[in-house]
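A.B. asks: For reference, the structure I am asking about is given below.
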Amino acid sequence: MSLPEPQPDVVIVGGGPVGLYLAGLMGSMNFHVIVLEKRLEIDRHSKSLGIHPVSMELFEEAGVQTPFLTSGIAIRKGVAHTDQEKIGEVDFGLCPAPYAFILALPQYRTEQILETWIDDMDTVDLIRGAEFRGIKQNERQVTLTYSLGGEFHELQCSYVVGCDGKNSVVRRQAGLEFTGKTYPDTYVMGDFSDNTDFGPDAAVYLHREGLVESFPLPGNMRRWVVKTDSYIRSPDRAMIETEVMKRVGLNLEHQTNSMLSGFGVQHFLADKLHAGKVALAGDSAHVVSPIGGQGMNLGWLNARNLAQTLKTCLNHPEESRSALKAYSKTARDRAKTVAKRAELNMWLGRKRRFPLIRNLLAQMIVNTPLQKKMARIFTMREL
Ligand SMILES: Cc1cc2nc3c(=O)[nH]c(=O)nc-3n(C[C@H](O)[C@H](O)[C@H](O)COP(=O)(O)OP(=O)(O)OC[C@H]3O[C@@H](n4cnc5c(N)ncnc54)[C@H](O)[C@@H]3O)c2cc1C
């Protein structure tokens, strides 16, 4: 069974934060876009929370910044500690106005805002419950199969973009390699009601037992991220409470808890981000460690490039090959830089028996003009 004409210009597989943003950009340019999303509803499990100033600038350009600003919490500084001693601050106020902060917002809220944005566009159709199955392409078009409600459907379009996450089926079907590594670092995280006096600040503890990070969340909650010695798939709250008490000296025992999870970290990158009329964006193209909170933001930065690239491809087909090649190079270079920055963050947070040199380095970073450079790196400038 096929969808009625007219056939879309672009089909985006995956309605996560990157697929939804790309759909909104293409729809705003008056291209007809269909988004296939296998989930019936937005996943409430909160993964990312940090939205960087560069992304807020992209949202302003797209005219969708206001709901983000009214829903999130502006983190204007990060307070750094070694063990329980404060060593200094990284001031995001040094970043260019008006977005001189990192916005904290759970990923599901981000997806809700982006979905509401595209819902208002006549040019974009989001089909929930639609699972991408297969792809065939020739010089003129792509034919794509998906399942919906137990039936298989076929759809023709000019371009397909895989925004279907790190286990991307689109990537596999397009024959694109995904190479990289898993780091030895592992973490647990939990969202607890806030009993700190940190206010809207982030707090980072470079403890000898390993990193602890604490970020404000809307609704008077805080996210705690704790470095562990090994991967714990389903941590219990007592384990996080014990480690926060030991490393930070704060008692979370009587706080309400809304989320617990454990995660390992990886860096993977597609060898090429296009194959014929298929392109990749977001985690299907590049996975970076979430320590430093930049993966989703990287996805948006590259999706902005891809939207311009697809515009060129659709309006000037003769330039499509070189445009997609240029997109692939820019996006891959950016992903490599972001991955290196995340590696520095992970290195700073590792468990150490003799933390003196690391601590001196951290003190130097937060107490010298290097702080300005660090604020730029933490907020994803110079990419
Ligand atoms: C613990 C943790 C914390 C993080 N914190 C941050 C942070 O603070 N800041 C940051 O920038 N990044 C962060 N990240 C990374 C961020 O979550 C990802 O980079 C981001 O989700 C990638 O978005 P995406 O849209 O590319 O992919 P995804 O979010 O994975 O979305 C892919 C979508 O595709 C759909 N899909 C998959 N297969 C199919 C199919 N066959 N057919 C149809 N639909 C399909 C899925 O259902 C899903 O909705 C964090 C990650 C983790 C694990």
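Under this note's numbering, the first residue of the sequence shown is numbered 1139, with each subsequent residue one higher. All residues carry an ideal CB built from backbone N, CA and C; glycine is no exception. This structure is a prediction, so every number in the text was calculated from the model and none was measured.
1. Is the beta carbon of Val1156 less than 8 Å from the beta carbon of Met1518?
2. How big is the Cα-Cα spacing for Lys1467 and Asn1333?
3. To which residues of the same chain is Gln1501 closer than 8 Å at the C-beta, ignoring the five residues directly before and after it?
4. Alpha carbon to alpha carbon, what distance is there between Met1377 and Val1364?
5. Is the distance from the Cβ of Met1164 to the Cβ of Val1151 below 8 Å?
6. Using only alpha-carbon positions, find the residue among Ile1189, Val1173, Phe1401 and Ile1180 that is nearest to Gly1437.
7. If you reduce the DSSP assignment to three classes, tell me which class Ala1477 lands in.
8. Per DSSP, what kind of secondary structure is Pro1142 in: helix, strand or coil?
9. Which runs of the beta strand (DSSP E) at least 3 residues long sit entirely within the segment 1295-1322? Give them in chain order.
10. Excluding the 5 residues preceding and the 5 following Ala1340 in the sequence, name in chain order all residues of the same chain whose CB lies nearer than 6 Å to its CB.
11. Just verifying my parser: in three-state terms, what is the DSSP assignment at Asn1395?
12. What residue from Arg1385, Ala1464, Thr1248 and Gly1337 has the CA that sits closest to Arg1358's CA?
13. For the candidate residues His1424, Thr1475, Leu1418 and Ser1427, whose alpha-carbon lies nearest to that of Leu1462?
14. Consult DSSP for Leu1286 and reduce its assignment to one of helix, strand or coil.
15. Which one or two residues does DSSP pair with Pro1354 in a beta bridge?
16. Could you tell me which of Met1397, Lys1384, Asp1263 and Ala1218 sits nearest to Glu1175, measuring between CA atoms?
17. Under the three-state reduction of DSSP, which class applies to Lys1467: helix, strand or coil?
18. Throw me the rounded Cβ distance for the Val1416 and Ile1273 pair, which I believe falls under 8 Å.
19. Just to confirm the assignment, what range does the beta strand (DSSP E) spanning Gly1226 have?
20. Quick one: Cα of Val1133 to Cα of Arg1459, how far?
21. Express the C-alpha separation of Leu1407 and Gly1313 in angstroms, rounding to a whole number.
22. Specify, as a first and last residue, the run of the alpha helix (DSSP H) that Arg1514 falls within.
23. Taking one C-beta from the segment 1486-1496 and one from the segment 1195-1213 each time, how about it: are there three or more such pairs within less than 8 Å?
24. Tell me which same chain residues have a C-beta within less than 6 Å of the C-beta of Leu1390, skipping the five on either side of it?
25. Consult DSSP for Glu1520 and reduce its assignment to one of helix, strand or coil.
26. If you check the beta carbons only, do Tyr1343 and Gly1400 fall under 8 Å apart?
27. Between Leu1494 and ligand 1, is there a pair consisting of the residue's CB and a ligand heavy atom that are separated by less than 7 Å?
28. How big is the Cα-Cα spacing for Met1194 and Gln1432?
C.D. replies: On the basis of the supplied data:
1. Translated into the one-based positions of the sequence shown, residue 1156 becomes position 18. Translated into the one-based positions of the sequence shown, residue 1518 becomes position 380. Against a cut-off of 8 Å, the Cβ pair of Met1518 and Val1156 comes out as no contact.
2. Residue mapping note: residue 1467 aligns to position 329 of the sequence shown, counting from 1. Residue mapping note: residue 1333 aligns to position 195 of the sequence shown, counting from 1. Using only the alpha carbons, I get a separation of about 46 Å.
3. Here residue 1501 refers to the residue found at position 363 when the sequence shown is read from its first residue. Within the same chain, Gln1501 has close Cβ partners Thr1220, Ile1225 and Gly1226.
4. By 1-based counting over the sequence shown, the position of residue 1364 is 226. By 1-based counting over the sequence shown, the position of residue 1377 is 239. Roughly 10 Å separates the two Cα atoms.
5. As a first step, residue 1164 is located in the sequence shown; it is residue number 26 there, counting from the start. As a first step, residue 1151 is located in the sequence shown; it is residue number 13 there, counting from the start. Not closer than 8 Å, so no.
6. As a first step, residue 1437 is located in the sequence shown; it is residue number 299 there, counting from the start. Looking at the Cα atoms, Ile1189 is the closest of the given residues.
7. Looking up residue 1477 in the sequence shown gives position 339. Here Ala1477 sits in helix by DSSP.
8. Taking the sequence shown and counting its residues from 1, the one referred to as residue 1142 is at position 4. Low local confidence applies: a pLDDT of 45 at Pro1142 is under 50, so the model's placement there is unreliable, and no value is given.
9. 1297-1300
10. As a first step, residue 1340 must be located in the sequence shown, where it is residue number 202. So the list reads Ile1213, Gly1216 and Phe1353, once near-sequence residues are dropped.
11. Reading the sequence shown from its first residue, position 257 is the one you call residue 1395. It is a strand residue.
12. Numbered from its first residue, the sequence shown carries residue 1358 at position 220. A quick correction: the sequence has Asn, not Arg, at residue 1358. Comparing Cα positions, the closest option is Gly1337.
13. The residue given as residue 1462 occupies position 324 in the sequence shown. Cα-wise, what sits closest to Leu1462 is Leu1418.
14. Taking the sequence shown and counting its residues from 1, one reaches residue 1286 at position 148. Correct three-state label for Leu1286: strand.
15. Sequence index remark: in the sequence shown, residue 1354 carries index 216 (1-based). Pro1354 pairs with Arg1360.
16. Position 37 of the sequence shown holds residue 1175. If we check each option's Cα against that of Glu1175, Asp1263 comes out closest.
17. Sequence index remark: in the sequence shown, residue 1467 carries index 329 (1-based). Here Lys1467 sits in helix by DSSP.
18. Here residue 1416 is taken as the residue at index 278 of the sequence shown, counted from 1. Here residue 1273 is taken as the residue at index 135 of the sequence shown, counted from 1. Yes, they are in contact, since the Cβ atoms of Val1416 and Ile1273 sit about 7 Å apart, within 8 Å.
19. Along the sequence shown, read from residue 1 onward, the residue named residue 1226 stands at position 88. Note, Gly1226: beta strand (DSSP E), Glu1223 to Asp1229.
20. This structure gives no information on residue 1133, because the portion of the chain shown stretches from 1139 to 1521.
21. Numbered from 1 along the sequence shown, position 175 holds the residue referred to as residue 1313. Numbered from 1 along the sequence shown, position 269 holds the residue referred to as residue 1407. The straight-line gap from Cα to Cα measures roughly 14 Å.
22. What you label residue 1514 is simply residue 376 of the sequence shown in a count that begins at 1. Element bounds for Arg1514: Leu1508 to Phe1516.
23. no
24. Here residue 1390 refers to the residue found at position 252 when the sequence shown is read from its first residue. Same-chain partners within the cutoff: Phe1330, Glu1379 and Val1382.
25. As a position in the sequence shown, residue 1520 is number 382, starting the count at 1. If DSSP states are grouped into helix, strand and coil, Glu1520 belongs with coil.
26. By 1-based counting over the sequence shown, the position of residue 1343 is 205. By 1-based counting over the sequence shown, the position of residue 1400 is 262. No, the Cβ-Cβ distance between Tyr1343 and Gly1400 is not below 8 Å.
27. Residue mapping note: residue 1494 aligns to position 356 of the sequence shown, counting from 1. Leu1494 Cβ: outside cutoff for every heavy atom of ligand 1.
28. In the sequence shown, the residue the question calls residue 1194 occupies position 56. In the sequence shown, the residue the question calls residue 1432 occupies position 294. Cα to Cα, Met1194 sits roughly 13 Å from Gln1432.
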